[in-house]
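In UniProt numbering, the protein residues as written are 1 to 174. All C-beta atoms in this analysis are idealised placements derived from N, C-alpha and C, irrespective of residue type, glycine included. Note that the structure is a prediction, hence the values are computed from the model and not measured.
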């Protein structure tokens with residue numbers, strides 16, 4: 001676990017919460033510019049909520065252990081790189097760049113910062129850039145995406161993790 005702490009200290013971290021943004025209650029009719037900006041943010045947030053709602057997806061659907069052990073709790077996910085990405089230049093398809101990435105996603109309960117567990121996310125992504133006159137065409141394909149429950153903290157079988165990775169690839173591709 002000491003090695004994990006060292007890699008976490010030397011990595012860029014991102015925190016994400018799985019909660020909906022608080023909506024303001026109705027404001028006075030002659031709202032200030034700042035309120036209008038916030039209302040615009042609320043509208044954008046509503047569109048995001050509609051997008052995720054239209055998927056019919058909840059993190060508890062994929063991770064029942066989290067749903068059962070932490071009902072109605074917000075989660076933080078701290079994502080950091082396991083190692084520097086590798087980049088390989090290849091001749092196929094008139095030049096392809098293959099990037100290999102590996103991340104660790106540490107899940108925490110938001111209100112008390114209890115650590116739930118860590119998931120490894122590894123991916124190989126191919127990219128191809130073609131220039132046609134003044135037009136640039138970029139094609140990106142996820143060759144592999146794999147989720148690994150390092151500590152068996154999420155209660156998911158390997159098949160379920162593979163299905164989650166495939167679903168994630170499909171969502172990213174859209």
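Check	Outcome
Residue 78 versus 66, 116 and 69, residue with shortest Cα-Cα distance	116
DSSP-derived helix/strand/coil call for residue 147	strand
Nearest to residue 121 (by Cα), restricted to the options 87, 93, 72 and 166	166
Of the listed residues 131, 112, 101 and 150, nearest to residue 124 (C-alpha basis)	101
Extent of the continuous alpha helix (DSSP H) run through residue 175	Since the first residue shown for the chain is 1 and the last is 174, residue 175 is missing from the structure and cannot be characterised.
Three-way DSSP call (helix, strand, coil) for residue 167 in this model	helix
Those runs of the beta strand (DSSP E) which lie wholly inside the region 86-111 and span at least 3 residues	86-90 and 96-109
Same chain, Cβ closer than 8 angstroms to residue 96, five either side skipped, listed in chain order	89, 90, 126, 127 and 128
Residue nearest to residue 72 in terms of C-alpha spacing, selected from 59, 83 and 84	59
Test item: CB-CB of residue 156 and residue 145 under 9 angstroms	no
Cβ-Cβ separation, residue 149 to residue 119 (assumed contact under 8 angstroms), whole Å	6 angstroms
Residue 132, enclosing beta strand (DSSP E) - first and last residue	115-132
Beta-carbon proximity list for residue 69, same chain, < 6 angstroms, skipping 5 on both sides	none
Whether residue 137 touches residue 108 by CB criterion (9 angstroms)	no
Where residue 66 falls, given that 16 or more other Cβ within 10 Å makes a residue buried	buried
Burial state of residue 104, where buried means 16 or more other Cβ atoms lie within 10 Å	buried
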